[in-house]
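Structure first, commentary second.
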Amino acid sequence: MTRAREAILFAITILILIPGIGMSQEVTWVKYPAHIDLGTECQVSHPSVVFDGNKYHLWYVSQSGAQRSINYARSTDGITYEAYPGNPVLQDGIGEVWDGEWVSQPSVVYDGTTFQMWYSGYDGNTLRIGYATSTDGVSWNKDAANPVLDLGTSGSFDDGGVSSPSVLYDGTVYHMWYTGYDGTNMRIGYATSTDGVAWNKYAGNPVLDPGASGDWDDAGVSSPGVLHDRT
831 MTRAREAILF AITILILIPG IGMSQEVTWV KYPAHIDLGT ECQVSHPSVV
881 FDGNKYHLWY VSQSGAQRSI NYARSTDGIT YEAYPGNPVL QDGIGEVWDG
931 EWVSQPSVVY DGTTFQMWYS GYDGNTLRIG YATSTDGVSW NKDAANPVLD
981 LGTSGSFDDG GVSSPSVLYD GTVYHMWYTG YDGTNMRIGY ATSTDGVAWN
1031 KYAGNPVLDP GASGDWDDAG VSSPGVLHDR T
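See below:
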């Protein structure tokens, strides 16, 4: 297997939304000179990283053919990772229709005792968002209420699918940004929850639309990744 196939493949779309600052503001990013080697997976993507004060915990998607599952690795420096030998840690549901084809796109939050994961589940036709919890980052329990975020009502921006969650917890409220699909276009929506399970979609959704014709993002916007600078 070539090093290119062993490399972690990050498809990153960076959208910076800061009150009072226009979307035209430029940010300079510096790539790390080497790839993050996670072993022999054919394709790996969609990383979600949590730092617990001692270690970096990484969950990522491993894809072989049409099959996708969620794997785990850890690191002390955020660069050199040791993949968990028992991977994958989250797989498609057995006998569960909504995520029976594959699972993907994890977003993990750690509250000091419990790892909480929101992820995309696919049934072969439609994407929805599920929820799972773990005390060690390896053994996960899917929530009985899954999927916790479902399709919107007919005619809404997300009536064809919801996926790729990005979740933040501010100590009181969980905030989720996600991709909504209407069968033609992808846009970004927003929802809130007090327990991570029961979600309320923002009445003003979508919160981010595709760009105007000719813009770099005129075909659609998706796969949000949100950080909060505590201000």
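The opening residue of the sequence shown carries number 831 in the numbering used here; numbering runs sequentially from there.
Yeah, the Cβ is synthetic: ideal placement off N, Cα and C, and Gly gets one too.
These numbers come from a predicted model, not from an experiment.
- By the C-beta criterion, the stretch 971-989 is judged to be in contact with the stretch 1027-1039, since at least 3 inter-stretch pairs fall below 8 Å.
- Straight-line measurement puts the Cα of G991 at about 8 Å from the Cα of G982.
- The criterion of a C-beta distance shorter than 8 Å is not satisfied by Y940 and I900.
- Counting C-beta atoms within 10 angstroms of its own C-beta, H1058 has fewer than 16 neighbours from the protein chains shown and is therefore classed as exposed.
- Below 8 Å, enough C-beta pairs join the stretch 917-929 and the stretch 963-971 to call them touching: three or more.
- The alpha-carbon separation between R1017 and T1061 amounts to approximately 26 Å.
- In this model, D1039 and A864 are separated by some 34 Å (Cα to Cα).
- For L888, the enclosing beta strand (DSSP E) has its first and last residue at Y886 to S894.
- Nearest to Y911 by C-alpha distance, out of A962, L868 and A1049, is L868.
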